[in-house]
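Read through the structure below, which is laid out as structure tokens, and then see the notes.
In UniProt numbering, the protein residues as written are 1 to 916.
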């Protein structure tokens, strides 16, 4: 047997150890990758008073972080808590530090230890900053309170309140060596200043309207047209109610007035941002335990709750109770379009205590994606704030000034004894990850528009209904990505859990046996509910085929429906099939005089049908089979109760929706369940019949079938297609928070390759029943060819954008026509048109609001509060998008891949040594 020389063997072993160390480094805690992470305000840190440097005060806790960018300098302002050494009163100062935005050390900072201007003020609370347009100042609205005064309560027994302004100035100068420096100081030195002189003179700001107000925390904004500053505030009304609103200001020191309208009562801690077309979006923390979101296109003259998308998605605590803490809420430009970023704690119970881990979310006012944890696993996080800023990059010697986008976060971390540190972290690298998510959304939109017969629609000039129906309001899509227990959402949102489901030969899943089926969670998610809109309206569409006739003595078998979020999981309504080969629509007993309705349309075994369930809390329920409406509430069939919609709202108001069941209901013990379900689409709106026909045309012409080849997978895996979930965000099911299985990469068939290279082929085949999820090659093509999106008249990426259709499938003329027709059709949608054509409800209509998802009721299983994107990755390496699309259900396989390659290398070295 050949022998390897000692030198070669030693080198090989060292190489193996080195590569294993490199691979293993990926398993380091995710927080280690945050090179810009630092505690910037630490318990027991001391500051000099801004007006008297000899006055040094130690602070035992820091709260309420706020960030602003002023002339290339990041300024962090916080509450600084201490005990007065003279009388032991609890006092709160305002402290601030600064850092050059291009990356550098934080200054030592300074504080307004106490307000020399108004000696009645012992506490300066909730700093809410706003950067002055001149590029040098930042001002913070603070609530000035006496030591015993509780904010937003009636002032009795000598309690005191007065709003104040703390002003910061950043001065630029050159040191003795000619190096440019920034000097940070309080503008008023030892005190705060009064609000603008004309503030109380305005009719909208007289003292009779509000007894008290203070900033919402975080930061205000300046409108993009520079016409107004907008400052979020929380106020106490004359009748003792807490509300949220904004101050509109022409300048930081003049032209202030309250907005005409407010949020619902009981909503505080507002944060505000500017959306498209000068719309204001305001997020508030409400006493029902959720974050309500409002919008206004009239600068706050009225506020409408945004039921269709973001409102009530995030819970304030694990059980969705209380007001919780303030969070970050900013807009950011990603690939030429505006998106919203949200930071909120995700709560778990450890050692009997509820602790929060800070997460970052991305949304386009339609889909919601959990980017993942910001804070470390061992940090208990409370309030947070985000800053998205454009700053000057450090140029190379021969290059001019360049700008770059920065994303920062500052948050409170528990330090024991009820005290808090303030941590700062640079999240700019997360913007690259979010670009990949946005690309995935766009590619999936383009793919669905293409596969659901839109090209044939273009040929026949019927594109309006087709294009508009496909992507606008489309929140979730279950297709071909699954494991034994998870059916992954192709839009990277909420996954469905699977019981007794196996991959079908032509796509989707086949469910067979007692209790078989999938659950797509709504309120069952727990703390955060991305599909909360379903409590008001939705459309659920799926392709189904029934393979087995129920026995003659059996009751109807559930196929698809909705269950309530009560202890019993009561049925709301659903579609079933009977042994007489009839479709049956079943209802909650409190909705109709008859709890079942039998349609005139029959079904056949092994035939594919496209079925749809629709609900609108003011219009009732509709059920469709192959585009034919087999039930509609307002047809009043079978002696229908005319109070159906009122009963529906009452039922939803008492419990809300728990989940959708698909393919079968786990409460069914029938052994006759044997169905295949594919292409499940969830919309946040009720589609009209014309739009459903666009989804359900049976005689439509579609593209040449280019099926994804069957996968060779290990016995323990049931992966039927390429995943679409980022590799560093494993799929999480409500049953197990950390479940991940390896997934092979998808190989294109020759048909797919041909289509990618030469453009799509329009075939005369019938409508394909399987929609293959996009492949990594498709995504690569989209990344390489797609132009940047600019601002369009349609403020949100609801439909298929023109550039996506053009770049993905080389159909510029047809695609652009479709996009323009979609925008025209959007105006005719039966919704309130703002924002972004999603319907909303005025704040006065809150009585019909669905309840917060209940905490685990008796007899129910506890459900984790996180989405499918909440488990932290073992490494923070941002993969290329092809890897992102191909590793949705991948576990920690990095080391296995590296070691396998190294073993092959060692074999090669051994062979080389043998030849020597």
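Glycine included, each C-beta is placed from N, C-alpha and C at the ideal position.
Around the beta carbon of residue 614, 16 or more other beta carbons sit within 10 angstroms, so the residue counts as buried. In the displayed model, residue 445 falls within a helix according to three-state DSSP. Judged by beta-carbon spacing, residue 165 lies within the 7 Å limit of residue 139, meaning their Cβ atoms are closer than that value.
The C-alpha of residue 634 lies about 9 Å from the C-alpha of residue 644. Rounded to the nearest angstrom, the Cβ distance from residue 341 to residue 388 is 7 Å, consistent with a contact under 8 Å.
Rounded to whole angstroms, the Cβ separation of residue 508 and residue 679 is 7 Å, and the two are in contact under 8 Å. When C-alpha distances from residue 68 are compared across 37, 83, 391 and 360, the shortest belongs to 391. Bridge partners of residue 584 according to DSSP: 576 and 598. Runs of beta strand (DSSP E) with 3 or more residues, each lying fully within the region 167–245, are found at 180–186, 210–215 and 229–237, listed in chain order.
By the Cβ neighbour-count rule, residue 446 is buried, with 16 or more other Cβ atoms within 10 Å of its own.
Rounded to whole angstroms, the Cβ separation of residue 449 and residue 420 is 48 Å, and the two are not in contact under 8 Å. A residue is called buried when at least 16 other Cβ atoms come within 10 angstroms of its Cβ; residue 350 does not meet this threshold and is exposed. In the DSSP assignment, no residue is bridged to residue 475. In the DSSP annotation of this structure, the continuous segment of the alpha helix (DSSP H) that includes residue 653 starts and ends at 644–654. As DSSP reads the structure, residue 514 sits in no beta bridge. Counted as a single uninterrupted DSSP element, the beta strand (DSSP E) harbouring residue 355 occupies residues 353–363. Bounds of any beta strand (DSSP E) do not take in residue 323, whose DSSP letter is neither H nor E. Annotation for residue 292: the continuous beta strand (DSSP E) segment containing it runs 291–296.
Between the region 511–526 and the region 684–696 there are fewer than three inter-stretch CB-CB distances shorter than 8 Å, so the stretches are not counted as touching. With fewer than three CB-CB distances shorter than 8 Å, the region 90–97 does not count as touching the region 240–253. If you draw a 10 Å sphere on the C-beta of residue 46, you find fewer than 16 other C-beta atoms in it, and that means exposed. Across the set 618, 608, 631 and 570, the C-alpha of 631 shows the shortest separation from the C-alpha of residue 600. In the DSSP annotation of this structure, the continuous segment of the beta strand (DSSP E) that includes residue 256 starts and ends at 254–258. Taking a C-beta distance under 7 Å as the contact criterion, residue 505 and residue 677 do not qualify as a contact pair. For residue 337, the enclosing beta strand (DSSP E) stretches over residues 337–350. Rounded to the nearest whole angstrom, the CA to CA distance from residue 431 to residue 36 is 15 Å. Boundaries of the beta strand (DSSP E) around residue 112: 110–112.
Ranked by how close their Cα comes to the Cα of residue 561, the residues 664, 103 and 224 have 664 in first place. Closest option to residue 602, judged by alpha-carbon separation, among 588, 577 and 72: 577. Taking a contact to require three or more Cβ pairs closer than 8 Å, the region 569–588 and the region 528–539 do not qualify as touching. For residue 610, the enclosing beta strand (DSSP E) starts and ends at 608–616.
In the DSSP assignment, residue 682 falls within the unbroken beta strand (DSSP E) covering 674–683.
In chain order, 545 and 547 place their CB closer than 7 Å to the CB of residue 606, counting only its own chain and leaving out the 5 sequence neighbours on each side.
Membership of residue 96 in the beta strand (DSSP E) is indicated by the continuous run 90–100.
Residue 237 and residue 179 have their C-alpha atoms spaced approximately 52 Å apart. Secondary structure of residue 452 (DSSP, three-state): helix.
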